[in-house]
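**Student:** Let me begin by handing over the structure; questions about it come next.
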Amino acid sequence: MQRLDEYEKCVDWFEPLHDIAREATGLEDFGDTHYHKGLQVLLEQFDQGCDLSPVGKIATRFKLIHVLTWRLKTEQAFKDDPSIFENPIEKPLVITGLIRTGSTALHYLLASDPNRQALPYWLAEHPQPRPPEAEWEAHPDFQKSKGSIEMMWKMDPSLKSIHFMAPDWPEEGGHLMAHNFTDDHWEGALKVPHYIKWYENTSMVETYRRHKKLLQLIGSSRPGMPWLLKYPVHLKHLKSFLEVYPDARVIWTHRDPSNVMSSYASLLAGFRGINSDNIDRDDIVHEQIDIWSTAAERAIEVRKTMDPGQFYDLHFDDFMADSVGAAEKIYRHFGMDWLPECQAAMEGHRDDNPQGKHGKHAHQQQALGVTREEMLERFAPYINHFNVRT
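Each residue of the sequence shown is one higher than the one before, starting from 396 at the first, in my numbering.
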């Protein structure tokens, strides 16, 4: 990575980054060129400034190279076994909604269903056919993911209580979407206004097409097994998502946006604090209020064009009051079998993972430079449409 220091401008990293990935893998084919624009916009952003700390500079370069490296590896995997694309992904169960609405807890709960496959963190970070679980711990890529998570906890221990992760636990789809350099990772980890302006308004169809191919690769060892997916970001790009997954069963989670945004600002301050020494929480919350209120309004309009039965609305208080009962209602709404082994697995997960197991996340609305009333006003169309409790 040191060779990148030879270049005055980050936009000139484009070819050297590819060269580094080629040298690391001995491979040449990065696949289609749809990812070029996202990478170019990011490099332009770096030239405009991101307030990167020395650690952030290293981490950002590593992330760019990691994405390109795994584009090479997965393109080779596609060539090695083209039959993976015969593996259908039908009626995936998808969790989305505003961030910090209980979607992660719901994701972990539903993933305990033995009759459904989810996306483990280590395979999201290193996409490949899913090995037998007994072999995971010894796999070098599993250990790499384990090490990266542990390093993150060391750099900011509070993140563990805000958003717990483990290499063998279900993960969101961001690592897969990052293959096109179109993902929330960058706006979560860095201050990137130029990138945000482009990313929040670009078509994500090609990103989701690659996302699907990567799921087919990972799930090729379990052909036909139904998928559970989760990512709040799908709400931002719901039109593109449903173009690629037209039969998706969508769970839309809801919560008082004032609680959502204060919690999310705290989370992003932690992530950005790893990469920058200059964190402005007021700036973060105003930025994200605008992004997510717009996303909710756009998604509402998309949903109006779809079959109402394709969606299920789950409110935070209802989920917290009876998580397994909420899961059963979801299954019955979509006509999915609610089997004894499914209920037993979810009850076991619930009992083994009480709220606060990994620490309590404390955040203060009044410390954000925006009042609760101002947040509720900005989200009023969303609140009124879904009768969200505030």
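All residues carry an ideal CB built from backbone N, CA and C; glycine is no exception.
Based on Cα-Cα distance, which residue from 411, 601, 784, 689 lies nearest to residue 654?
**Tutor:** Closest option to residue 654, Cα to Cα, is 784.
**Student:** Give the DSSP bridge partners of residue 644, in chain order.
**Tutor:** 488, per the DSSP bridge assignment.
**Student:** Would residue 504 and residue 701 be called neighbours here (beta carbons separated by less than 8 Å)?
**Tutor:** No.
**Student:** Taking the runs of the beta strand (DSSP E) that are 3 residues or longer, which of them lie wholly in the segment 562-647?
**Tutor:** Those beta strand (DSSP E) runs which fall completely within the segment 562-647 and span 3+ residues are 623-625.
**Student:** Take residue 370 and list the residues in its own chain whose beta-carbon comes closer than 8 Å to its own, dropping the five residues that flank it on each side.
**Tutor:** The displayed coordinates of the chain run from 396 to 785. Any statement about residue 370 would go beyond what the structure contains.
**Student:** Classify residue 734 as buried or exposed, calling it buried when 16 or more other Cβ atoms lie within 10 Å of its own Cβ.
**Tutor:** Under this definition residue 734 is an exposed residue.
**Student:** Rank 691, 717, 652 by C-alpha distance to the C-alpha of residue 769 and give the top, closest one.
**Tutor:** The residue with the shortest Cα to Cα distance from residue 769 is 652.
**Student:** May I ask you to list the residues that DSSP assigns as paired with residue 708?
**Tutor:** BP columns for residue 708 point to 647.
**Student:** Just to confirm my understanding: we take residue 518, look at its own chain, exclude 5 residues before and 5 after, and list those with CB closer than 7 Å. What are they?
**Tutor:** Same-chain partners within the cutoff: 525, 613.
**Student:** Hey, how far is the Cα of residue 406 from the Cα of residue 590?
**Tutor:** The alpha-carbon atoms of residue 406 and residue 590 are separated by roughly 13 Å.
**Student:** Taking only the alpha-carbon atoms, compute the straight-line gap between residue 758 and residue 656 and give it to the nearest angstrom.
**Tutor:** With a pLDDT of 49 at residue 758, under the threshold of 50, the modelled position of this residue cannot be trusted, and the question is left open.
**Student:** Return the CA-CA distance between residue 756 and residue 660, expressed in angstroms with no decimal places.
**Tutor:** With a pLDDT of only 48 at residue 756, under 50, the local geometry of the prediction cannot be trusted, and no value is derived from it.
**Student:** Taking only three categories from DSSP, how would you classify residue 397?
**Tutor:** Correct three-state label for residue 397: helix.
**Student:** Roughly how many angstroms separate the alpha carbons of residue 491 and residue 629, rounded to a whole number?
**Tutor:** Near 6 Å, if we compare the C-alpha coordinates of residue 629 and residue 491.
**Student:** Spell out the partners DSSP gives residue 512 in its beta bridges.
**Tutor:** Residue 512 pairs with 622.
**Student:** Can you tell me where the alpha helix (DSSP H) holding residue 735 begins and where it ends?
**Tutor:** Start and end: 735-747.
**Student:** Answer with buried or exposed for residue 778, where buried requires no fewer than 16 other C-beta atoms within 10 angstroms of its C-beta.
**Tutor:** Result: buried.
**Student:** Please classify residue 495 as buried or exposed, where buried requires at least 16 other C-beta atoms within 10 Å of its C-beta.
**Tutor:** It is buried - the Cβ of residue 495 has at least 16 other Cβ atoms within 10 Å.
**Student:** Just curious, the alpha helix (DSSP H) that residue 541 is in, first and last residue?
**Tutor:** It spans 535-550 - the alpha helix (DSSP H) in which residue 541 sits, taken as one unbroken run.
**Student:** Output the distance between the C-alpha atoms of residue 632 and residue 575, rounded to the nearest integer angstrom.
**Tutor:** If you take the alpha carbons of residue 632 and residue 575, they lie about 14 Å apart.
**Student:** Below 8 Å, how does it come out for the segment 456-466 and the segment 679-693: are there three or more Cβ pairs, yes or no?
**Tutor:** The segment 456-466, when compared against the segment 679-693, does not touch it at the 8 Å Cβ threshold.
**Student:** Could you tell me whether the Cβ of residue 504 comes closer than 8 Å to any Cβ of chain C?
**Tutor:** In the structure shown, chain C does not exist; there is a single protein chain.
**Student:** Quick check on residue 465: does DSSP put it in helix, strand or coil?
**Tutor:** Residue 465: helix per DSSP, three-state reduction.
**Student:** Hey, how far is the Cα of residue 687 from the Cα of residue 579?
**Tutor:** The straight-line gap from Cα to Cα measures roughly 12 Å.
**Student:** Compute the Euclidean distance between the alpha carbons of residue 486 and residue 642, then round it to the nearest angstrom.
**Tutor:** When rounded, the distance between both Cα atoms is 5 Å.
**Student:** One question on the structure: do residue 382 and residue 714 come within less than 8 Å of each other, judged by their Cβ atoms?
**Tutor:** The requested residue 382 is not part of the displayed model; the chain covers only 396 to 785.
**Student:** Quick one: what's got a C-beta closer than 8 Å to residue 772's C-beta in the same chain, skipping five residues either side?
**Tutor:** Within the same chain, residue 772 has no close Cβ partners at all.
**Student:** Just reading off the alpha helix (DSSP H) that residue 654 is part of, what are its end residues?
**Tutor:** Start and end: 652-670.
**Student:** Does the Cβ-Cβ distance between residue 736 and residue 527 come in under 8 Å?
**Tutor:** Going by C-beta atoms, residue 736 is not nearer than 8 Å to residue 527.
**Student:** Using alpha carbons as the reference points, say which of 695, 694, 522, 748 lies closest to residue 611.
**Tutor:** The shortest C-alpha separation from residue 611 is found at 522.
**Student:** Which class does residue 789 belong to by DSSP, given the choice of helix, strand or coil?
**Tutor:** Residue 789 lies beyond the residue range present for the chain, which begins at 396 and ends at 785; the question has no answer from this structure.
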